[in-house]
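Below is one structure, written out as structure tokens; the observations come after it.
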Amino acid sequence: MTQKRRWTKILLLSLALAALAGMAYWGGTRAARVWSAWRNPVVGPQTLVTVERVYLCGDRELVQEGPAPPEWQGLQAEALLRRFPAEEGWRHTLNLPVSVHLVQEVNELCPRCRSYRHLGIKDGYLAVFAGPLGCDRVCLYQEKRLPVSSLPPDFRAKLEKAMDFTHQLPEVQAQLRQELEFPDEKRLKAALENLDELQE
Numbered sequence: 001m002t003q004k005r006r007w008t009k010i011l012l013l014s015l016a017l018a019a020l021a022g023m024a025y026w027g028g029t030r031a032a033r034v035w036s037a038w039r040n041p042v043v044g045p046q047t048l049v050t051v052e053r054v055y056l057c058g059d060r061e062l063v064q065e066g067p068a069p070p071e072w073q074g075l076q077a078e079a080l081l082r083r084f085p086a087e088e089g090w091r092h093t094l095n096l097p098v099s100v101h102l103v104q105e106v107n108e109l110c111p112r113c114r115s116y117r118h119l120g121i122k123d124g125y126l127a128v129f130a131g132p133l134g135c136d137r138v139c140l141y142q143e144k145r146l147p148v149s150s151l152p153p154d155f156r157a158k159l160e161k162a163m164d165f166t167h168q169l170p171e172v173q174a175q176l177r178q179e180l181e182f183p184d185e186k187r188l189k190a191a192l193e194n195l196d197e198l199q200e
């Protein structure tokens with residue numbers, strides 16, 4: 001009987017050792033995969049990708065949002081940085097393998113704002129800027145025949161407020177839009193013709 005118990009113990013111990021060896025192998029392989037994914041994360045099928053375009057006027061366009069496209073899957077952070085270089089206006093927020101957020105700063109106005117023009121001041125002269133008020137980065141031309149000093153004081157004050165548009169109260173912004181912002185060139189030209197009469 002003691003012989004039988006002895007073999008039973010040996011058998012049970014062998015089975016337990018085999019189970020422990022299997023668990024160690026399976027767990028070790030899984031742990032190696034987790035460690036590798038943590039050290040070198042890649043874009044996977046569950047990675048949430050957001051791609052945006054930001055225009056000079058400040059408008060944002062959502063280009064893509066959703067799971068990573070198949071051609072991105074398997075890419076590491078370095079490959080994404082090469083594919084979307086900072087020199088081409090890309091900003092990156094990479095949280096691999098969870099998410100990728102790419103924003104491209106475009107050096108032009110959005111399609112909605114391209115036709116807009118507004119009046120402002122540049123180097124002491126009345127100037128025409130591309131885009132709506134608040135977007136003063138693209139000066140199309142200066143009206144050299146209209147120095148700001150030759151304009152009535154109340155109109156000069158409006159032009160100065162226009163150059164600091166984002167810091168104005170909403171009601172002031174609305175008034176400035178009515179007087180200094182134009183949806184197209186035709187209305188801008190009509191306003192410039194009227195300005196000749198305002199010169200002191």
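Residue numbers (UniProt numbering): 1 to 200. The C-beta atom is built at its ideal place from N, Cα and C for all residues, glycine as well. Note that this is a predicted model, so its numbers are computed, not measured.
Just to confirm my understanding: we take residue i, look at its own chain, exclude 5 residues before and 5 after, and list those with CB closer than 7 angstroms. What are they?
i	result
His101	Thr50 and Thr93
Gly134	Phe165 and Thr166
Asp123	Gln142
Asp184	Ser115
Ala191	Phe182
Glu108	Tyr55 and Leu56
Put residue i into one of helix, strand or coil per three-state DSSP.
i	result
Asn194	helix
Pro170	helix
Gln73	coil
Gln104	strand
Gln64	strand
Leu48	strand
Val34	Its pLDDT being 48, under 50, Val34 is placed unreliably in this model, and the coordinates cannot settle the point.
Leu15	helix
Glu200	Summary for Glu200: the model assigns pLDDT 49, below 50, so the residue's position carries little reliability; its value from the coordinates is reported in the next sentence. Correct three-state label for Glu200: coil.
So, at 6 angstroms on beta carbons, what are the nonlocal neighbours of residue i in its own chain, with the 5 sequence-adjacent residues on each side left out?
i	result
Ala68	Val43, Thr47 and Val49
Glu65	Thr50
Glu61	Arg53
Arg137	Leu56
Met163	Gly120 and Ile121
Arg117	Val128, Phe182 and Leu188
Between residue i and the rest of its own chain, which residues show a CB-CB distance below 8 angstroms, the 5 nearest in sequence each way excluded?
i	result
Gln168	Lys161 and Leu176
Look up residue i in the DSSP assignment and give the residues it is bridged to.
i	result
Asn95	Ser99
Trp7	Note: Trp7 sits in no beta bridge, so no partner.
Glu181	His118
Val42	Gln76
Arg53	Glu61 and Gln104
Determine, for residue i, whether the minimum Cβ-Cβ distance to residues of chain B falls below 8 angstroms.
i	result
Leu75	The structure shown contains no chain B, having only a single protein chain.
How many whole angstroms separate the CB atoms of residue i and residue j, which I take to be in contact at a CB cut-off of 8 angstroms?
i	j	result
Gln73	Pro41	That belief does not hold up - the Cβ atoms of Gln73 and Pro41 are roughly 12 angstroms apart, past 8 angstroms.
Every unbroken alpha helix (DSSP H) within the segment 111-167, with a cutoff of 4 residues, ordered by chain: For the segment 111-167, the continuous alpha helix (DSSP H) assignments of 4+ residues that do not extend past its boundaries occur at 153-162, in sequence order.
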